[in-house]
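Visitor:
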Amino acid sequence: MLVALAPRAARAERSTLPLARASFHVVDAPLPHPELLAAIPRLRRYARVLAGDWARADDLVQETLARAWEKRRLWQPGTDLRAWMFTIMHNVFVNMRTSASREAMHVSLDADSEGAEGAWQIPVQPQQFTHVELGELLQQVGRLPAEQRETLLLAAVEELKYEEIAAVLSIPVGTVMSRLSRAREKLRRMADERPAALKRVK
Amino acid sequence: MSPVPISHDDLQAYADGQLDGERRDAVEQALARDASVGVRIAAIRAQNAELRHAFDPWLAERVPPRLIAAAEGPTRRGVLARGWPVLAAAATLVMGMAIGWFGRDLVLQRAGTPTTFAREAVLTHALYAADQRRPVEVWANEEAGLARWLTRRMGTQAHIPDLGPLGYTLVGGRLVAGNEKPTGLVMYENADKQRITLQWRITREKADASGETAFRYLHEDGVGVFHWVDDDCAYALSGPFERAQLLGIARVVYGQLAAAPKVPPSAPPAAPAAKPPA
Numbered sequence: 001m002l003v004a005l006a007p008r009a010a011r012a013e014r015s016t017l018p019l020a021r022a023s024f025h026v027v028d029a030p031l032p033h034p035e036l037l038a039a040i041p042r043l044r045r046y047a048r049v050l051a052g053d054w055a056r057a058d059d060l061v062q063e064t065l066a067r068a069w070e071k072r073r074l075w076q077p078g079t080d081l082r083a084w085m086f087t088i089m090h091n092v093f094v095n096m097r098t099s100a101s102r103e104a105m106h107v108s109l110d111a112d113s114e115g116a117e118g119a120w121q122i123p124v125q126p127q128q129f130t131h132v133e134l135g136e137l138l139q140q141v142g143r144l145p146a147e148q149r150e151t152l153l154l155a156a157v158e159e160l161k162y163e164e165i166a167a168v169l170s171i172p173v174g175t176v177m178s179r180l181s182r183a184r185e186k187l188r189r190m191a192d193e194r195p196a197a198l199k200r201v202k
Numbered sequence: 001m002s003p004v005p006i007s008h009d010d011l012q013a014y015a016d017g018q019l020d021g022e023r024r025d026a027v028e029q030a031l032a033r034d035a036s037v038g039v040r041i042a043a044i045r046a047q048n049a050e051l052r053h054a055f056d057p058w059l060a061e062r063v064p065p066r067l068i069a070a071a072e073g074p075t076r077r078g079v080l081a082r083g084w085p086v087l088a089a090a091a092t093l094v095m096g097m098a099i100g101w102f103g104r105d106l107v108l109q110r111a112g113t114p115t116t117f118a119r120e121a122v123l124t125h126a127l128y129a130a131d132q133r134r135p136v137e138v139w140a141n142e143e144a145g146l147a148r149w150l151t152r153r154m155g156t157q158a159h160i161p162d163l164g165p166l167g168y169t170l171v172g173g174r175l176v177a178g179n180e181k182p183t184g185l186v187m188y189e190n191a192d193k194q195r196i197t198l199q200w201r202i203t204r205e206k207a208d209a210s211g212e213t214a215f216r217y218l219h220e221d222g223v224g225v226f227h228w229v230d231d232d233c234a235y236a237l238s239g240p241f242e243r244a245q246l247l248g249i250a251r252v253v254y255g256q257l258a259a260a261p262k263v264p265p266s267a268p269p270a271a272p273a274a275k276p277p278a
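Residue numbers (the numbering used here), protein chains in the order written: chain V, 1 to 202; chain B, 1 to 278.
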């Protein structure tokens, strides 16, 4: 059950992590440029998990950056910029997906339509230093239900706190935890179904 | 006192480092009583580490110009489009350029200068040294395991220098996706929380023709890098320091690496002969 949508302003101000870092008081309150640049790789990574393909992911990041600039006065210097940007990105994504599905109803879906939720196009990347399992792991993550893999990425890979994830996804903390445990259980089961020869021995 | 029951949510939160107070105490008591609890927690953490390992290479990818431009904000969105000829003509990059070190690579590519290991090392250093949550993948308290892990994954013997005499403690290490080969990274920190990284990877570049090891220096955007090639391996020591200070550290690092027993890259990693410290 989704929590009722809170106004965007309230969500943005709910960032909890204070950073011990000087804040610059400028009249126009621009966003801190080095931190913004440093956040881009992580935003791209999460955007790929949301969007499922690389090009749309970069569109999503670009739109997120534009929206962040529009709403820059809502960000409190000293709070976690990354968590705030993830929240914006998730909202942008939900809006994009909602309007896309409205359009899709008027267009006949062909077999290669990329509008399918959960469509996951991972190009094969040369991973010389890892076992083939890690490419498989990416595929398995792609097979999780979308809401589970989004939650899992924010928790296991981005290591946001459960409260931060709840704010990013606009869901209660309890829902974060139950999605997480379902996602983890599913991945474990998929791992158990791998051929024995490829199982990693710890 | 009868044991407090712990829930699956407790286990998960503990594994994720997000459990405090009496729930945390309850899990730790359960851990002491029941080995299977530890196994389940370890399984969650191992899965987390695998996920990070699978998804971290994406962080190392070059950022497209349009995203750098979007980060500039509305008033400066056109700077890259309009400024390219001017920027590309610059032979050396001056600190304080508006587009910062992300855009540096792009400018270098346009100017026909290849991205080198040293420049990548600057990028990698800046990316991870600033990270508060997980600057390294394996922490210093598992140092013996760290060296073994890096050795196994890179196919070359990893030696972790001891920089304690210089006032630097080991934070830990990680693997970074490189252009062709993986790059090993170990990070140190001093009392002022300044961080330095030592990165290395196998290279086809030959060391200096004279047979001597040449230290080269690069300084970009507040990060200095000393880099050298020795025995088919390229090294880069990075930190937010001026040349003289960084050179002192680089000399100590080089000395320790030179003194360490050499194992050729093609040899299989040595089986652990000594027991790990208790």
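Don't be surprised by glycine CBs; every beta carbon is placed ideally from N, CA and C.
(1) How would you call V:A68, buried or exposed, if buried means at least 16 neighbouring beta carbons within 10 angstroms?
(2) Measure the beta-carbon distance from V:I40 to B:L198 and round it to whole angstroms, keeping in mind my assumption that it falls under 8 Å.
(3) In chain B, what lies closer than 8 Å to V:Q76 by C-beta?
(4) Between the C-alpha atoms of B:L59 and V:P34, what's the straight-line distance to the nearest angstrom?
(5) B:V138 and B:L218: beta carbons closer than 9 Å?
(6) For B:V63, decide whether its Cβ has a neighbour in chain V, counting only Cβ atoms nearer than 9 Å.
(7) Return the bridge partner residues of B:A236 from the DSSP annotation.
(8) Using the beta-carbon of each residue, which ones in chain B are nearer than 7 Å to V:D58?
(9) Helix, strand or coil for B:L218 per DSSP?
(10) Going by other Cβ atoms of all chains shown within 10 Å of its Cβ, with 16 needed for buried, is B:P57 buried or exposed?
(11) Are the beta-carbon atoms of B:L175 and B:R204 separated by less than 9 Å?
(12) Please work out which residues of its chain come closer than 8 Å, Cβ to Cβ, to V:L60, disregarding the five sequence neighbours upstream and downstream, and give them in chain order.
(13) My guess is that B:V252 and B:L166 are in contact by the Cβ rule of under 8 Å, so how many angstroms apart are they, rounded?
(14) Check whether the Cβ of V:R188 lies closer than 9 Å to any Cβ atom in chain B.
(15) Using a Cβ-based criterion (distance less than 8 Å to any ligand heavy atom), does B:A140 qualify as near the ligand ADP?
(16) With a threshold of 7 Å on Cβ separation, who are the neighbours of B:G38 within its own chain once the five nearest residues in sequence on each side are excluded?
(17) If you reduce the DSSP assignment to three classes, tell me which class V:Y162 lands in.
(18) Just checking, does the stretch 23-30 of chain B make contact with the stretch 5-12 of chain B on the three C-beta pairs under 8 Å criterion?
(19) Roughly how many angstroms lie between the CA atoms of B:P261 and B:H227, to the nearest whole one?
(20) I'd like to confirm the pairing. Which residues does DSSP put opposite B:E280 in its beta bridges?
(21) By Cβ distance, which residues of its chain are closer than 8 Å to B:L257, with the 5 residues on each side in sequence left out?
(22) Counting along the chain, where does the alpha helix (DSSP H) carrying V:Q62 start and finish?
(23) Quick one: what's got a C-beta closer than 8 Å to V:M190's C-beta in the same chain, skipping five residues either side?
(24) Skipping 5 residues on each side, what residues in its chain have a beta carbon closer than 7 Å to that of V:I165?
(25) Is the Cβ-Cβ distance between V:L137 and B:L51 less than 9 Å?
(26) Report the residues of the stretch 143-165 of chain V with a CB closer than 8 Å to any CB of chain B, ordered along the chain.
(27) If I'm right that B:F241 touches V:V157 with Cβ under 8 Å, what's the distance once you round it to whole angstroms?
Guide: Inspection of the coordinates gives the following:
(1) Counted from its first residue, the first sequence places residue 68 of chain V at position 68. Flag for V:A68 reads buried.
(2) Within the first sequence, numbered from 1, the residue matching residue 40 of chain V stands at position 40. Within the second sequence, numbered from 1, the residue matching residue 198 of chain B stands at position 198. About 26 Å separates the CB atoms of V:I40 and B:L198; that is not less than 8 Å, and the two are not in contact.
(3) Numbered from its first residue, the first sequence carries residue 76 of chain V at position 76. The contacting residues do not exist; V:Q76 stays about 17 Å from chain B at best.
(4) On the second sequence, position 59 is the one that residue 59 of chain B refers to. On the first sequence, position 34 is the one that residue 34 of chain V refers to. Roughly 16 Å between the two C-alpha positions.
(5) As a first step, residue 138 of chain B is located in the second sequence; it is residue number 138 there, counting from the start. As a first step, residue 218 of chain B is located in the second sequence; it is residue number 218 there, counting from the start. Contact flag unset, no.
(6) Here the question's residue 63 of chain B lines up with position 63 in the second sequence. Chain V contact via Cβ: present.
(7) Here residue 236 of chain B refers to the residue found at position 236 of the second sequence. Partner(s): B:Q199, B:H227.
(8) Against the first sequence, residue 58 of chain V aligns to sequence position 58. Here the neighbours are P64, L67.
(9) Start at 1 with the first residue of the second sequence, and residue 218 of chain B comes out as number 218. DSSP places B:L218 in strand when its eight states are reduced to three.
(10) Within the second sequence, residue 57 of chain B is the residue found at index 57, counting from 1. So B:P57 counts as buried.
(11) Residue 175 of chain B sits at position 175 when you count from the first residue of the second sequence. Residue 204 of chain B sits at position 204 when you count from the first residue of the second sequence. Cβ distance not < 9 Å, so B:L175 and B:R204 don't count as in contact.
(12) Position 60 of the first sequence holds residue 60 of chain V. Excluding sequence neighbours, V:L60 sits near A47, L50, A51, M89, V92, F93, M96.
(13) Your numbering for residue 252 of chain B matches position 252 in the second sequence. Your numbering for residue 166 of chain B matches position 166 in the second sequence. Going by Cβ atoms, the distance from B:V252 to B:L166 rounds to 6 Å, so yes, they are a contact pair.
(14) Translated into the one-based positions of the first sequence, residue 188 of chain V becomes position 188. Closer than 9 Å to some Cβ of chain B, the Cβ of V:R188 qualifies, so yes.
(15) No copy of the ligand ADP occurs in the structure displayed, which carries no ligand at all.
(16) As a first step, residue 38 of chain B is located in the second sequence; it is residue number 38 there, counting from the start. Excluding positions up to five away in sequence, the list reads L31.
(17) Here residue 162 of chain V is taken as the residue at index 162 of the first sequence, counted from 1. Of the three classes helix, strand and coil, the one that applies to V:Y162 here is helix, per DSSP.
(18) yes
(19) Here residue 261 of chain B is taken as the residue at index 261 of the second sequence, counted from 1. Here residue 227 of chain B is taken as the residue at index 227 of the second sequence, counted from 1. Going from the Cα of B:P261 to the Cα of B:H227 covers about 21 Å.
(20) Nothing in the structure corresponds to residue 280 of chain B, since chain B is present only between 1 and 278.
(21) Taking the second sequence and counting its residues from 1, the one referred to as residue 257 of chain B is at position 257. These residues qualify, in order along the chain: H159, P161, D230, Y235.
(22) Counting from one through the first sequence, the residue named residue 62 of chain V turns up at place 62. Following the DSSP letters along the chain, one finds V:Q62 inside the alpha helix (DSSP H) bounded by residues 54-70.
(23) By one-based count along the first sequence, residue 190 of chain V stands at place 190. Non-local C-beta neighbours of V:M190 in its own chain, meaning closer than 8 Å and more than five positions away in sequence, comprise Q140, R143, ordered along the chain.
(24) As a first step, residue 165 of chain V is located in the first sequence; it is residue number 165 there, counting from the start. Counting only Cβ-Cβ distances below 7 Å, and skipping sequence neighbours, we find T151, L154, A155, V176.
(25) Locating residue 137 of chain V in the first sequence gives position 137, where the first residue counts as 1. Locating residue 51 of chain B in the second sequence gives position 51, where the first residue counts as 1. Against a cut-off of 9 Å, the Cβ pair of B:L51 and V:L137 comes out as a contact.
(26) L152, L153, A155, A156, V157, E159, K161, Y162
(27) Within the second sequence, the letter at position 241 stands for residue 241 of chain B. Within the first sequence, the letter at position 157 stands for residue 157 of chain V. For B:F241 against V:V157, the beta-carbon gap comes to about 31 Å, at or over 8 Å, which does not count as contact.
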